[in-house]
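*Asks:* Sharing a structure here in structure tokens format.
2 protein chains.
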Amino acid sequence: MNYAPASLSIIALPGIPLIQPGDDLAQLMMDALARAGVTLQDGDALVVTSKIVSKAEGRLVDLADVVASDSARQVAAETQKDPRIVELVLRESEQISRKAPGVLVTKHRLGFVSANAGIDQSNVDGGDDHVLLLPVDPDASAQALRDRLHALTGADAAIVISDSHGRPFRIGNVGVAIGVAGMPAALDLRGRPDLYGRKLKISIQAYADMVASAANLVAGEADEGRPVVLLRGLNFARQEGHASELVRPVEQDLYK
Amino acid sequence: MNYAPASLSIIALPGIPLIQPGDDLAQLMMDALARAGVTLQDGDALVVTSKIVSKAEGRLVDLADVVASDSARQVAAETQKDPRIVELVLRESEQISRKAPGVLVTKHRLGFVSANAGIDQSNVDGGDDHVLLLPVDPDASAQALRDRLHALTGADAAIVISDSHGRPFRIGNVGVAIGVAGMPAALDLRGRPDLYGRKLKISIQAYADMVASAANLVAGEADEGRPVVLLRGLNFARQEGHASELVRPVEQDLYK
Numbered sequence: 117m118n119y120a121p122a123s124l125s126i127i128a129l130p131g132i133p134l135i136q137p138g139d140d141l142a143q144l145m146m147d148a149l150a151r152a153g154v155t156l157q158d159g160d161a162l163v164v165t166s167k168i169v170s171k172a173e174g175r176l177v178d179l180a181d182v183v184a185s186d187s188a189r190q191v192a193a194e195t196q197k198d199p200r201i202v203e204l205v206l207r208e209s210e211q212i213s214r215k216a217p218g219v220l221v222t223k224h225r226l227g228f229v230s231a232n233a234g235i236d237q238s239n240v241d242g243g244d245d246h247v248l249l250l251p252v253d254p255d256a257s258a259q260a261l262r263d264r265l266h267a268l269t270g271a272d273a274a275i276v277i278s279d280s281h282g283r284p285f286r287i288g289n290v291g292v293a294i295g296v297a298g299m300p301a302a303l304d305l306r307g308r309p310d311l312y313g314r315k316l317k318i319s320i321q322a323y324a325d326m327v328a329s330a331a332n333l334v335a336g337e338a339d340e341g342r343p344v345v346l347l348r349g350l351n352f353a354r355q356e357g358h359a360s361e362l363v364r365p366v367e368q369d370l371y372k
Numbered sequence: 117m118n119y120a121p122a123s124l125s126i127i128a129l130p131g132i133p134l135i136q137p138g139d140d141l142a143q144l145m146m147d148a149l150a151r152a153g154v155t156l157q158d159g160d161a162l163v164v165t166s167k168i169v170s171k172a173e174g175r176l177v178d179l180a181d182v183v184a185s186d187s188a189r190q191v192a193a194e195t196q197k198d199p200r201i202v203e204l205v206l207r208e209s210e211q212i213s214r215k216a217p218g219v220l221v222t223k224h225r226l227g228f229v230s231a232n233a234g235i236d237q238s239n240v241d242g243g244d245d246h247v248l249l250l251p252v253d254p255d256a257s258a259q260a261l262r263d264r265l266h267a268l269t270g271a272d273a274a275i276v277i278s279d280s281h282g283r284p285f286r287i288g289n290v291g292v293a294i295g296v297a298g299m300p301a302a303l304d305l306r307g308r309p310d311l312y313g314r315k316l317k318i319s320i321q322a323y324a325d326m327v328a329s330a331a332n333l334v335a336g337e338a339d340e341g342r343p344v345v346l347l348r349g350l351n352f353a354r355q356e357g358h359a360s361e362l363v364r365p366v367e368q369d370l371y372k
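First to last, the protein sequences are chains A and B.
Using the numbering used here, the letters of the first sequence map in sequence onto residues 117 to 372.
Using the numbering used here, the letters of the second sequence map in sequence onto residues 117 to 372.
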């Protein structure tokens with residue numbers, strides 16, 4: 117199977133409203149597809165920001181309800197962060213990876229390493245005293261969206277739930293997949309022939325991460341209000357897929 | 117300026133031949149654009165794999181001509197790699213970042229951290245005794261391509277020279293920009309308003325890296341033969357741009 121198509125269309129779905137807890141994202145996506153004049157097809161991929169999934173799942177936390185533990189207070193002092201936010205970061209994390217003034221990088225309970233456990237205040241309603249946690253189980257959220265859209269349209273579309281992560285060594289955030297359904301998250305190309313017929317020795321592509329980054333180019337991160345992006349023209353195997361395929365086991369990581 | 121367009125087309129240019137030293141890449145890209153029926157426009161971005169830039173620049177090395185130094189032999193023993201390839205990796209690098217059996221990660225003389233200094237044997241002519249080094253100065257190569265295409269077409273298109281890098285913490289390679297001309301490599305969105313009018317606190321996008329990853333989705337990494345990809349619909353500022361914008365200074369890196 118040839119995973120690289122000759123062309124690809126990327127379209128931000130228009131008119132997705134501000135999301136409230138309990139909102140039916142699949143129905144809002146259907147409405148936006150109709151608004152764009154697009155009929156969902158087998159093999160389409162929809163990239164949904166984790167932010168709207170979290171909002172729909174009611175993951176907004178009022179900091180007034182958070183009591184910081186002693187350890188959170190200590191980390192907050194070292195990192196010059198709000199102790200209540202640090203408390204939430206630690207609750208969402210397995211361990212601290214790095215800390216410094218202004219920086220708190222952890223291994224999230226979902227496995228990946230990121231700043232502040234993905235907890236964010238940008239594009240969050242409720243002012244400076246509310247923060248948004250990542251979805252409880254983004255793979256399950258992606259699968260539920262895939263199943264709902266399949267039931268509504270008959271089309272088997274893949275879903276990627278995306279977040280923006282910083283990286284060691286390189287400046288700036290890129291899109292990454294924290295939830296995947298209906299496509300391979302990592303694509304193992306080892307053994308495929310190169311242009312000269314020699315087998316590729318090392319080539320695992322972080323496929324769903326690149327899909328998330330491509331979507332980020334049209335979604336924006338500020339006030340664009342484009343949290344759902346359609347990719348049409350990809351040529352992936354219709355398999356279940358899990359974002360955990362993209363997480364390197366700690367014992368194999370030279371930078372832990 | 118709104119950097120996120122509502123839609124984006126990504127097209128692999130057809131029929132790029134196997135590249136030989138001295139080939140005129142700009143002319144080959146013109147031919148491929150004509151083959152695709154595409155007229156280059158202001159604001160287009162062309163993503164070119166570092167591999168074909170290196171080939172055109174004659175960066176193929178016959179390992180028979182390489183004499184490994186004592187230090188290269190020692191690192192080769194530790195990493196179980198060919199001492200002559202290690203010699204080339206060390207010549208292309210400022211320092212070793214991590215080494216282990218099968219793994220040699222260095223800080224490249226171009227600033228970024230990557231495996232084997234980007235030296236690769238896949239899609240390289242000449243059998244197992246030849247390897248390909250990265251271009252000498254990818255930013256300059258990108259600028260030269262931009263200037264040539266501008267002279268040939270009158271259109272100001274951005275050029276990204278891409279490579280595939282692995283990453284700490286995450287499985288799989290993604291596209292990254294190692295040469296940039298005509299677009300910002302990193303996009304500083306700090307201070308822009310979010311959906312609720314609050315200013316974004318932290319948001320630098322690794323714009324050119326995401327462009328490279330998006331292009332990778334159609335370029336492939338095996339025998340697809342699609343080393344030049346056109347992105348149409350991006351909305352970037354026409355500025356010079358340097359891939360070094362994406363390299364975090366060592367003293368600011370918590371994972372060095």
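Even for Gly, the Cβ is constructed at its ideal location relative to N, Cα and C.
Measuring only the C-alpha atoms, how far is residue 268 (chain A) from residue 332 (chain B)?
*Replies:* So the two alpha carbons sit approximately 32 Å from each other.
*Asks:* Kindly list the residues whose CB is nearer than 6 Å to the CB of residue 334 (chain A), restricted to its own chain and excluding five residues on each side of it in sequence; keep chain order.
*Replies:* For residue 334 (chain A), where only same-chain residues beyond five positions count, the Cβ hits under 6 Å are 126, 128 and 345.
*Asks:* Could you check the C-alpha separation between residue 270 (chain B) and residue 156 (chain B) for me, to the nearest Å?
*Replies:* Rounded to the nearest angstrom, the two C-alpha atoms are 9 Å apart.
*Asks:* Taking buried to mean at least 16 other C-beta atoms within 10 Å of its own C-beta, is residue 249 (chain A) buried or exposed?
*Replies:* Its Cβ being crowded by 16 or more others within 10 Å, residue 249 (chain A) is buried.
*Asks:* Could you check whether the Cβ of residue 173 (chain A) sits closer than 8 Å to any Cβ belonging to chain B?
*Replies:* Not one chain B Cβ lies under 8 Å of residue 173 (chain A).
*Asks:* Since residue 258 (chain A) contacts residue 277 (chain A) with CB under 8 Å, what's their CB separation in whole angstroms?
*Replies:* Sure, about 5 Å apart at Cβ, within 8 Å.
*Asks:* Pull out every residue of the stretch 265-286 of chain A whose Cβ sits closer than 9 Å to any Cβ of chain B, in chain order.
*Replies:* So the close ones are 280, 281, 282, 283, 284, 285 and 286.
*Asks:* With residue 289 (chain B) and residue 322 (chain A) assumed to form a contact (beta carbons below 8 Å), what rounded beta-carbon distance in angstroms separates them?
*Replies:* About 6 Å; that satisfies the 8 Å criterion.
*Asks:* Given that residue 214 (chain A) touches chain B, what residues does it touch there, using C-beta distances under 8 Å?
*Replies:* What residue 214 (chain A) touches in chain B: 370 and 371.
*Asks:* State whether the stretch 352-367 of chain A contacts the stretch 295-306 of chain A, with contact taken as three or more CB pairs (one from each stretch) at a distance under 8 Å.
*Replies:* Cβ pair count under 8 Å is three or more, so yes.
*Asks:* Which runs of the beta strand (DSSP E), 3 residues or longer, sit entirely within the stretch 278-348 of chain B?
*Replies:* With a minimum length of 3 residues, the continuous beta strand (DSSP E) runs that stay inside the stretch 278-348 of chain B are 290-297 and 344-348.
*Asks:* Could you check whether the Cβ of residue 364 (chain B) sits closer than 8 Å to any Cβ belonging to chain A?
*Replies:* Yes - at least one Cβ of chain A is within 8 Å of the one on residue 364 (chain B).
*Asks:* What residues in the stretch 192-204 of chain B have a beta carbon less than 9 Å from any beta carbon of chain A?
*Replies:* Against chain A - using a Cβ distance shorter than 9 Å - the stretch 192-204 of chain B contributes no residues.
*Asks:* Compute the beta-carbon to beta-carbon distance between residue 132 (chain A) and residue 341 (chain A), rounded to the nearest angstrom, for a pair I have assumed lies under 8 Å.
*Replies:* Yes, residue 132 (chain A) and residue 341 (chain A) are in contact; Cβ-Cβ is about 7 Å, under 8 Å.
*Asks:* So, helix, strand or coil for residue 117 (chain A), using DSSP?
*Replies:* Its pLDDT being 43, under 50, residue 117 (chain A) is placed unreliably by the model, and nothing is read from it.
*Asks:* Looking at the secondary structure, which residues open and close the alpha helix (DSSP H) in which residue 195 (chain B) lies?
*Replies:* From DSSP, the alpha helix (DSSP H) with residue 195 (chain B) extends over 186-195.
*Asks:* Quick check: the stretch 135-153 of chain A against the stretch 205-222 of chain A, are at least 3 beta-carbon pairs closer than 8 Å?
*Replies:* With a cut-off of 8 Å, the stretch 135-153 of chain A and the stretch 205-222 of chain A do not count as touching, because too few Cβ pairs lie within range.
*Asks:* Spatial neighbours of residue 307 (chain A) within its chain, please: CB distance less than 6 Å, with the 5 preceding and 5 following residues excluded, ordered by chain position.
*Replies:* Around residue 307 (chain A): 315.
*Asks:* Among A:178, A:187 and A:262, which has the Cα closest to the Cα of residue 240 (chain A)?
*Replies:* Nearest of A:178, A:187 and A:262 to residue 240 (chain A), Cα basis: A:178.
*Asks:* Go through its chain and collect everything with a Cβ distance to residue 145 (chain A)'s Cβ below 6 Å, but skip five positions before and after it.
*Replies:* Only 344 meet the Cβ criterion.
*Asks:* Got a sec: is the Cβ-Cβ distance from residue 258 (chain A) to anything in chain E below 8 Å?
*Replies:* The chain labelled as chain E is not found among the protein chains of the depicted structure, namely A and B.
*Asks:* Which same chain residues, not among the five before or five after residue 204 (chain A), have their C-beta less than 8 Å away from its C-beta?
*Replies:* Same-chain partners within the cutoff: 177, 182, 233, 235, 247 and 249.
*Asks:* Grouping DSSP H, G and I as helix and E and B as strand, with all else coil, what is residue 247 (chain A)?
*Replies:* Correct three-state label for residue 247 (chain A): strand.
*Asks:* Quick one: is residue 216 (chain B) buried, meaning 16 or more other Cβ sit within 10 Å of its Cβ, or exposed?
*Replies:* Label assigned to residue 216 (chain B): exposed.
*Asks:* Residue 336 (chain B) to residue 251 (chain B), Cα distance in whole Å?
*Replies:* Each residue's Cα considered, the two are about 20 Å apart.
*Asks:* Along chain B, which residues have their Cβ under 8 Å away from the Cβ of residue 123 (chain A)?
*Replies:* Correct list: 125, 126, 127, 128 and 334.
*Asks:* Can you have a look at residue 190 (chain A) and say buried or exposed, based on whether 16 or more other CB atoms are within 10 angstroms of its CB?
*Replies:* Exposed is the call here.
*Asks:* Around the Cβ of residue 200 (chain A), are there at least 16 other Cβ atoms within 10 angstroms (buried) or fewer (exposed)?
*Replies:* With 16 or more Cβ atoms within 10 Å of its Cβ, residue 200 (chain A) is classed as buried.
*Asks:* Any Cβ of chain A within less than 8 Å of the Cβ of residue 373 (chain B)?
*Replies:* Residue 373 (chain B) is absent from the structure shown; chain B starts at 117 and stops at 372.
*Asks:* Whose C-beta lies closer than 8 Å to the C-beta of residue 358 (chain B) among residues of the same chain, with five residues either side of it excluded?
*Replies:* Cβ within range, chain order: 255, 296 and 301.
*Asks:* Counting only runs of 4+ residues fully inside the stretch 157-238 of chain A, write out the alpha helix (DSSP H) ranges in chain order.
*Replies:* Counting only runs of 4 or more, we get 166-172, 186-195 and 199-207.
*Asks:* Using a C-beta cutoff of 8 Å, does residue 179 (chain A) count as contacting chain B?
*Replies:* By this cut-off, residue 179 (chain A) is not an interface position.
*Asks:* According to DSSP, is residue 353 (chain A) part of a helix, a strand, or is it coil?
*Replies:* Residue 353 (chain A): coil per DSSP, three-state reduction.
*Asks:* From what residue to what residue does the beta strand (DSSP E) around residue 392 (chain B) run?
*Replies:* Nothing about residue 392 (chain B) can be read from this structure; chain B reaches only from 117 to 372.
*Asks:* Chain B beta carbons: is any one of them nearer than 8 Å to that of residue 326 (chain A)?
*Replies:* Chain B, which has a Cβ nearer than 8 Å to the Cβ of residue 326 (chain A), makes this yes.
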